[in-house]
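Engineer: Number 152 in numbering that gives the first Met the number 0 belongs to position 153 of the sequence shown; there are no gaps in the numbering. After the C-alpha cells below, expect a handful of questions from me.
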Amino acid sequence: MTSLPQYPNKKMRTFILFTITILLFSCTGKKNSNTPDTTRSQTPQKDTTQSNMEVLNEDKHYIGFVEKFSPSKEDEVYIELYLNKANISTDEYYQLEKLADSLIYSDDENSRHKFPTGLAPKHFDLRGLSKLAVYDKNNKFICHAHFVRAEYLSETIFSNFIAVYKTDKKNIPDNCYAISNFDQKPEKINYSITKDTLLTQKILTELNVPKSYNGLEDSGTHFQFKDNGMHISVINSEKDAYLVSVTGEEIKVLYKSTEPEYIIDLQVIPLVKNKYPYLLTRGGTPESDVMWTTLLYYDGTNYSIAKRQRAE
Numbered sequence: 000m001t002s003l004p005q006y007p008n009k010k011m012r013t014f015i016l017f018t019i020t021i022l023l024f025s026c027t028g029k030k031n032s033n034t035p036d037t038t039r040s041q042t043p044q045k046d047t048t049q050s051n052m053e054v055l056n057e058d059k060h061y062i063g064f065v066e067k068f069s070p071s072k073e074d075e076v077y078i079e080l081y082l083n084k085a086n087i088s089t090d091e092y093y094q095l096e097k098l099a100d101s102l103i104y105s106d107d108e109n110s111r112h113k114f115p116t117g118l119a120p121k122h123f124d125l126r127g128l129s130k131l132a133v134y135d136k137n138n139k140f141i142c143h144a145h146f147v148r149a150e151y152l153s154e155t156i157f158s159n160f161i162a163v164y165k166t167d168k169k170n171i172p173d174n175c176y177a178i179s180n181f182d183q184k185p186e187k188i189n190y191s192i193t194k195d196t197l198l199t200q201k202i203l204t205e206l207n208v209p210k211s212y213n214g215l216e217d218s219g220t221h222f223q224f225k226d227n228g229m230h231i232s233v234i235n236s237e238k239d240a241y242l243v244s245v246t247g248e249e250i251k252v253l254y255k256s257t258e259p260e261y262i263i264d265l266q267v268i269p270l271v272k273n274k275y276p277y278l279l280t281r282g283g284t285p286e287s288d289v290m291w292t293t294l295l296y297y298d299g300t301n302y303s304i305a306k307r308q309r310a311e
C-alpha cells in the first residue's frame, strides 16, 4: 500500500463518526460504514441472507484492509462489516447496538461486545468471509486468518460492526490487506511509484482543476506498470479525486469522485480484470475526519466501484 497525499488530523481507518447524530455512508457505493444516513439513497441489494453461518463459505471474494485492535491483540484482526439491509434508520441502528450484549473487552476508551452468532447472518453481509488470505503492502502473502465472530466495536468517537479473525501468525505487519475465500495464486504485477510534480501539474492543467490545498507534492502519485507500460496517476484536486491514464500526450480519466473526495492510500491488488488490476483505496472528505474504503475494478472503459468490496 502506497502512502498518498496526507492531510492533518486524518484517522487512517474506515469508521463511523458519532457526533450528535450518526453519519451513515452508503453500503453499496462510496462509503462502507454502516451507520444510518437519511440524506443519501442506497441501491437495494438482493437478500442472500441465510438462517445459519453457511453464507460464510460462499464463493465470494471480499477485498479490504485488515485492521488491528487498540490495544493490539497479537493474533486477532478485524474487517468492517456491511449491513444486509439497504436502508436503516437511526433507531434501527441503535437497536442493533443493543443486540451486542456479551462484553469481550473494555477500558476507558474502547469496548468490544459479541454479536449473537445466530443473528449475525440476518443483519450483516457475511458472504464469503470464512477465511482471509492476508498480504502485506508489497503483495507478499503473510498468513491466513479464520472467522471467529461478529462484534460491535466502540471507540472514543468511532464505532462499527466488525468481523473478528484469528491469524495463523502472530503480530502481522501494519498496513495489510486481505482477500477472502481465496486459494488461487495471485498474479505478479510489477510497478514503480513516482512523485512527478511536473506531470501532476500537466494533468491538473489538462483537467482544468486547481491543485489540492497542500500543493503539487501532495496532489499526485504516479504508478508505472512495467509489463504493459500502463501508467495510472492518482490526482487529488481541490475538491475531487481522479484516476487518470497517461499515454504520451493523451490523458484519459478512468475515475472521478462523484462528490468531494481525496485519496490518501492506494493498494494495487494482484488480481486483474479486463487487463487492469483491482485498486483498493482509502479516501475521505477534504478538511474533515470522514473516511472510507473503496474497491475499484476496471469495467473495460473506466474504474468502477465494486459493491460491498466484493470482486466482480
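Every residue, glycine too, gets a C-beta built ideally from N, C-alpha and C.
Could you tell me whether the Cβ atoms of Ser218 and Asn207 are closer together than 7 Å?
Structural biologist: Contact check for Ser218 against Asn207 fails: the beta carbons are separated by 7 Å or more.
Engineer: At 3 residues or longer, and completely inside the region 238-283: list those beta strand (DSSP E) runs for me, N to C.
Structural biologist: 240-246, 249-255, 261-272 and 275-283
Engineer: Three or more beta-carbon pairs under 8 Å between the region 170-185 and the region 148-156, yes or no?
Structural biologist: no
Engineer: Could you have a look at His122 and say whether DSSP puts it in helix, strand or coil?
Structural biologist: helix
Engineer: Bridge partners of Ala149, per DSSP?
Structural biologist: In DSSP, Ala149 forms a bridge with Ala162.
Engineer: Starting from the C-beta of Leu128, find all residues in its chain whose C-beta is less than 7 Å away, skip the five residues before and the five after it, and write them out in chain order.
Structural biologist: Leu55, Tyr61, Phe146, Ala162 and Ser179
Engineer: Would you mind sorting Ser71 into buried or exposed? The rule is 16 or more other CB atoms within 10 Å of its CB.
Structural biologist: Exposed is the call here.
Engineer: Which class does Leu82 belong to by DSSP, given the choice of helix, strand or coil?
Structural biologist: strand
Engineer: Hey, could you find the ends of the alpha helix (DSSP H) Tyr92 is sitting in?
Structural biologist: Thr89 to Leu98
Engineer: Could you pull the DSSP bridge partners for Ala132 from this structure?
Structural biologist: His143 and Ile178
Engineer: Please identify the residue among Met52, Lys165, Leu215 and Lys274 whose C-alpha is closest to the C-alpha of Val383.
Structural biologist: Outside the displayed range of the chain (0 to 311) lies residue 383, so it cannot be described from this structure.
Engineer: According to DSSP, simplified to helix, strand and coil, what is Thr199?
Structural biologist: helix
Engineer: Quick check on Val54: does DSSP put it in helix, strand or coil?
Structural biologist: helix
Engineer: Does the distance from the C-beta atom of Ser153 to that of Ser101 stay below 7 Å?
Structural biologist: When the beta-carbon positions are compared, Ser153 and Ser101 stay at least 7 Å from each other.
Engineer: Does Thr155 come out as helix, strand or coil in the three-state DSSP assignment?
Structural biologist: Coil.
Engineer: Should Tyr241 and Lys255 be called a contact, given that it needs their Cβ atoms to be closer than 7 Å?
Structural biologist: yes
Engineer: Find the nearest neighbour of Gln94 within the set Tyr104, Asn301 and His122, judged by alpha-carbon distance.
Structural biologist: His122
Engineer: According to DSSP, what are the bridge partners of His230?
Structural biologist: Gln223
Engineer: When you compare only the Cα positions, how much space is there between Gln41 and Ala85?
Structural biologist: Because the pLDDT at Gln41 is just 42, under 50, the model does not fix this residue reliably, and the value given afterwards should be weighed accordingly. In a straight line, the C-alpha of Gln41 is about 6 Å away from that of Ala85.
Engineer: Rounded to a whole number of angstroms, what is the C-alpha to C-alpha distance between Leu98 and Tyr81?
Structural biologist: About 16 Å.
Engineer: Are the CB atoms of Lys59 and Arg309 within a distance shorter than 7 Å?
Structural biologist: yes
Engineer: How should Gly228 be labelled, buried or exposed, when 16 other C-beta atoms within 10 angstroms of its C-beta is the threshold for buried?
Structural biologist: Gly228 is classed as exposed because its beta carbon has fewer than 16 other beta carbons within 10 Å across all chains shown.
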